[in-house]
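Peer 1:
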Amino acid sequence: MPELRPGVLAGYLPADQRPDSLRLVPPPPAAGSAALAADEEAARANLAKAGSPRWQVAVEDANLKFPQAAETFSCTLGVPINERDTPQLYLLLRRSLVDAGLSTYRAKDHYRRQRPFLVNHLPTCSPDEIDKLSKDGSYPSGHNAAGWAWALILTEVDPERADAILARGLAYGQSRLACNVHWQSDANQGRIMGAATVARLHADPTFRADLAAARGEVAAARAKGLKPTRDCAA
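Rendered as structure tokens:
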């Protein structure tokens, strides 16, 4: 399987087939606007207290590295997501993460929006990533693009649990506000890019084949009584 860099698999889509965030999302809220005031209020309302259960979920949700990231939705699927028990689903999540995350970068690199912690000078739940995040545009949110793409994909893997999966996808994205690394408009437009990515992925035959295989894996894991290792309740 081709890699973009060591440990990061290539997505399903070539760069020229990814959705273009610079065309699809509006500019971030302007200084002095009602939209920016709403972002600032949402940042205050959603920031989790350090050490609280919501903070701990945000810490875990911040990790996009595999194998840990694969368990993000295992709590709602009710089965483990890993290379041993559900290898095709594991691969599906790894590759779609790249497509959804990279779909945000045309807008990120164009607008270079500052993240909340650079404005309000409050802690984040990812202190080891402050230098990297400070140099990475806030708008739109790559975590939200990936999380919402995963949620939409997983509702197709297990339609009976669609509401729980989508609720988890929304909570996953809101973890970025709890963590003080994204504004609400970053999250909202990140979800737009996640949805756009999934729509484009459905034209890819390899993605469709992997999706079908993942359905069978989840059914088999459930029949064996396999249980997830992560609890994502906040």
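Using this note's numbering, you'd call the opening residue of the sequence shown number 6 and step up by one each time.
Glycine residues also receive a C-beta, built at the ideal position from the N, C-alpha and C atoms.
Are the region 70–88 and the region 163–171 touching, with three or more C-beta to C-beta distances below 8 Å?
Peer 2: By the C-beta criterion, the region 70–88 is judged to be in contact with the region 163–171, since at least 3 inter-stretch pairs fall below 8 Å.
Peer 1: How about Asp191 and Ser131: do their beta carbons lie closer than 8 Å?
Peer 2: no
Peer 1: In the DSSP assignment, what are the bridge partners of Arg10?
Peer 2: Val13
Peer 1: Cutting at 8 Å between CB atoms, please list the residues of its own chain near Asp236, excluding the five before and the five after it.
Peer 2: Cys80
Peer 1: With distances taken Cα to Cα, identify the nearest neighbour of Leu69 among Thr211, Trp155, Gly230.
Peer 2: Trp155
Peer 1: Counting C-beta neighbours from all protein chains within 10 Å, is the total for His148 16 or more, i.e. buried, or is it exposed?
Peer 2: buried
Peer 1: Where does Glu88 fall in DSSP's three states?
Peer 2: Shown here, Glu88 sits in coil according to DSSP, grouped into three states, outside any helix or strand.
Peer 1: I'd like the list of long-range same chain contacts for Arg111, defined as Cβ closer than 6 Å, with 5 residues on each side in sequence excluded.
Peer 2: Asp25, Ser26, Leu27
Peer 1: Compare the beta carbon distance of Gln119 and Ser101 with 8 Å and say whether it is the shorter of the two.
Peer 2: no
Peer 1: Taking the CB atoms as reference points, tell me whether Asp215 and Leu41 lie closer together than 8 Å.
Peer 2: no
Peer 1: Using only alpha-carbon positions, find the residue among Gly152, Lys229, Arg23 that is nearest to Asp66.
Peer 2: Gly152
Peer 1: Between the beta-carbon of Ala183 and the beta-carbon of Trp60, is there less than 8 Å?
Peer 2: Yes, Cβ-Cβ distance for Ala183 and Trp60 is below 8 Å.
Peer 1: Measuring alpha carbon to alpha carbon, tell me which residue in Val124, Leu171, Arg49 is nearest Ala36.
Peer 2: Closest by alpha carbon: Val124.
Peer 1: Within a Cβ cutoff of 7 Å, which residues of the same chain sit near Ala53, ignoring the five residues on either side of it in sequence?
Peer 2: Arg59, Trp60, Ala63, Ala183
Peer 1: Of all the options Pro19, Lys232, Glu222, His187, which has the alpha carbon lying nearest to the alpha carbon of Ala48?
Peer 2: His187
Peer 1: Compute the distance between the beta-carbons of Asp104 and Tyr17, then report whether it is under 8 Å.
Peer 2: yes
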